[in-house]
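Residue numbers (our numbering): 19 to 202.
In this text, a Cβ means the ideal position worked out from N, Cα and C, and glycines have one as well.
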Amino acid sequence: MGISTYEVMYIQALDNYPYNVEECIEKLQYVIAGDDEHAGAHCLMGRIYEEQLKDFKQAEYYYRMTLYLDRDYTPVYSQFAGLLINLKRFKEAETIIDIGMKVPGIDEASLIYLKGLLYEKYDMYATAIQYYTDAKKICLNNYFMDDMDGHIKRVKDKKDLEKKSVKNKSDKKKEKKKKSEKSS
């Protein structure tokens with residue numbers, strides 16, 4: 019038994035994305051029309067709606083459809099969680115990440131990174147740094163490791179900004195107090 023025509027078309031669509039989106043969409047439409055249960059085609063269509071068209075409702079539809087069709091299709095978890103984080107739907111994103119961590123073959127480093135991003139959005143910088151560090155420990159890609167270093171640096175910079183902001187507020191309060199004591 020060989021690879022089906024739909025699988026070949028899906029591979030061609032995947033190969034075209036994101037450089038030739040028009041060709042990619044054409045091939046995906048062909049795949050979905052012929053095999054409406056092709057999880058990969060639905061996931062890639064979700065990416066197109068999210069990344070190219072900025073139609074987040076349609077992207078979510080395709081990601082949910084992918085999960086409905088195949089809960090073990092690993093790429094959908096990081097894509098869907100990333101979309102939910104961008105939409106500030108943090109609890110839902112965390113649920114998707116937690117479910118994804120149980121799927122065999124999942125890229126755990128990517129999901130742990132997204133967990134760090136969640137905590138960064140919550141301004142819980144120490145926790146975010148810990149997740150980014152954990153992602154570095156289990157990744158198998160030098161580029162990913164470099165990305166995590168960049169995220170850690172950014173979060174440390176945010177922590178420093180936060181400390182400066184708190185210090186400035188404290189200094190201003192002391193100044194006001196001194197002025198009010200002098201005028202009394």
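Collapsing the DSSP output to three states places ARG172 in a helix. If you draw a straight line from the Cα of ILE21 to the Cα of ILE29, it comes to about 11 Å.
For GLY58 and GLU112, the gap between their C-alpha atoms comes out near 22 Å.
Pairing MET27 with VAL49 gives a Cβ-Cβ distance under 7 Å. Less than 7 Å divides the Cβ of TYR95 from the Cβ of ILE114. If you check the CB distance, THR92 and GLY123 come in under 7 Å. Here ALA77 really is in contact with LEU101; their C-beta atoms are around 6 Å apart, less than 8 Å.
Close CB contacts of LYS154 within its chain, under the 6 Å cut and outside five residues either way in sequence, are with MET163, MET166 (chain order).
Cα atoms of GLY118 and ALA127: separation of roughly 11 Å, rounded to the nearest angstrom. Unbroken alpha helix (DSSP H) runs of no fewer than 4 residues, entirely contained in the stretch 51-100, are found at 57-65, 74-87, following chain order.
Apart from sequence neighbours up to five positions away, the residues of its chain that approach LEU132 with a beta-carbon distance below 8 Å are SER96, ALA99, GLY100, ILE103, ALA111, ILE115, ordered along the chain. Separation of the CB atoms of LEU87 and LEU62 is rounded to 13 Å, and the pair is thereby denied contact status at 8 Å.
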